[in-house]
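S.K.:
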Amino acid sequence: MPASEAILNSLAANAAGDQDFLAPAARVKGNGTAGLIEMTDLEHADRLRRMREGTLGSLHSWELVTAVDGPGIRMTIFLAGCGLRCLYCHNPDTFQMRDGEPVEVDDLLRRIKRYRKTLNASGGGITISGGEAMMQPRFVAKLLEGAKELGVHTCVDTSGFLGRNVTEAMLDNIDLVLLDVKAGIPELYKKVTSGDLQPTIDFGDRLAERGIETWIRFVLVPGLTDSEENVEAVAQIVEKWPNVSRVEVLPFHQMGRDKWKTLGLKYELNDTQPPDKELIERTREIFRSHGLTVY
Ligand code: SF4
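In terms of UniProt numbering, the sequence shown has 8 at position 8, counting the first letter as 1, and numbering is strictly consecutive.
Quick look at the structure:
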């Protein structure tokens, strides 16, 4: 058993007293909102007010993971709500903010504090993901601030589409960004996500100016994002950012397909196969040829 897996298992055992879950060795499924106080009785207006001020967030789930979502063992917090509609999204159940569970920022911070030693000892921390984390910028701002006060490494996983919501004060409290660049050609970006590419480039430029460590994520989908022209275009965007320490080429998979069906949503990639090894390697090689470190 890898050391990090052993730590995760002992973490799960330690946590068993206050919640009923088994920590995954790698991402299989989240813990839902287990162990966090649900605020289902709050008055609607009060809930909205508190969401606006950032003391209350809409949470899809959270989980403890290792070797994904940043270095070390991480507590990954999936917030509900996303403004994009990526054709390959494997978490379409995070699309709507109203489908999440209300959660107090202080409750999440208490939980981070409880895991702090283990997260820090592994070189890990927290990762705020989604959905799109920046749909709830004030909540994220408070979470980041609180985590930094606790001395915990912070990471945000974002498409950058709502980068304009990220204040300079928030950037002060972010150690690492996982920036998803979903396509490098504006028309293709639109086709893949329904949104515009430029906000992601603008946000990447800001991260570069601030020198915030950034990992780029690119989902390789055969027949959609895999053309050399597109990968080249992504590489040309990314190579301008000296703060990028790695590019992760993530092979498309079909693990989200059933969720689309369950939600009654039209899924357009039913017949798409995961990329083969050759295609993955060819794609990685294009990024490498631009001087980038690729995983
Ligand atoms: S940005 Fe992420 S959560 Fe939103 S639709 Fe795309 S893949 Fe799904």
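Cβ coordinates follow ideal geometry from the N, Cα and C atoms, glycine included. On a predicted model such as this, the values are computed, not experimentally measured, just so you know.
Considering Cα atoms alone, identify which of Asn-120, Glu-149, Ala-141 and Phe-78 is closest to Ala-169.
M.R.: If we check each option's Cα against that of Ala-169, Ala-141 comes out closest.
S.K.: Please name the residue in Trp-260, Leu-263, Lys-259 and His-290 whose C-alpha comes closest to that of Val-247.
M.R.: Ranking Trp-260, Leu-263, Lys-259 and His-290 by Cα distance to Val-247 puts His-290 first.
S.K.: Let's see if you can read the secondary structure: which residues bound the alpha helix (DSSP H) around Leu-255?
M.R.: The residue asked about is misnamed: residue 255 is Met in this sequence, not Leu. Met-255 -> no alpha helix (DSSP H), and no H or E assigned at all.
S.K.: Quick one: which unbroken alpha helix (DSSP H) runs of 4-plus residues sit fully inside the segment 151-182? Chain order, please.
M.R.: The qualifying runs are 168-172.
S.K.: Quick one: is the Cβ of Cys-155 within less than 7 Å of any heavy atom of the ligand SF4?
M.R.: Because no heavy atom of the ligand SF4 lies under 7 Å away, the Cβ of Cys-155 does not count as near it: no.
S.K.: If you measure from the CB of Thr-127, is any heavy atom of the ligand NAP nearer than 7 Å?
M.R.: No copy of the ligand NAP appears in this structure; the ligands present are the ligand SF4.
S.K.: With a threshold of 16 other CB atoms inside 10 Å of the CB of Met-255, please say whether the residue is buried or exposed.
M.R.: When all chains shown are included, Met-255 counts as exposed.
S.K.: Counting Cβ pairs, one atom from each stretch, are 3 or more of them under 8 Å apart for the segment 78-96 and the segment 122-138?
M.R.: In short, these stretches touch, since the Cβ pair count reaches three.
S.K.: Here's the rule: buried if 16 or more other CB atoms are within 10 angstroms of the residue's CB, otherwise exposed. What is Lys-240?
M.R.: Label assigned to Lys-240: exposed.
S.K.: Less than 7 Å separating the Cβ of Gly-223 from some heavy atom of the ligand SF4?
M.R.: Incorrect: Gly-223 has no Cβ contact closer than 7 Å to the ligand SF4.
S.K.: Which same chain residues, not among the five before or five after Pro-199, have their C-beta less than 8 Å away from its C-beta?
M.R.: If we look at Pro-199 and ignore the five residues flanking it on each side, its Cβ neighbours are Gly-160, Phe-161, Leu-162, Gly-163 and Arg-164.
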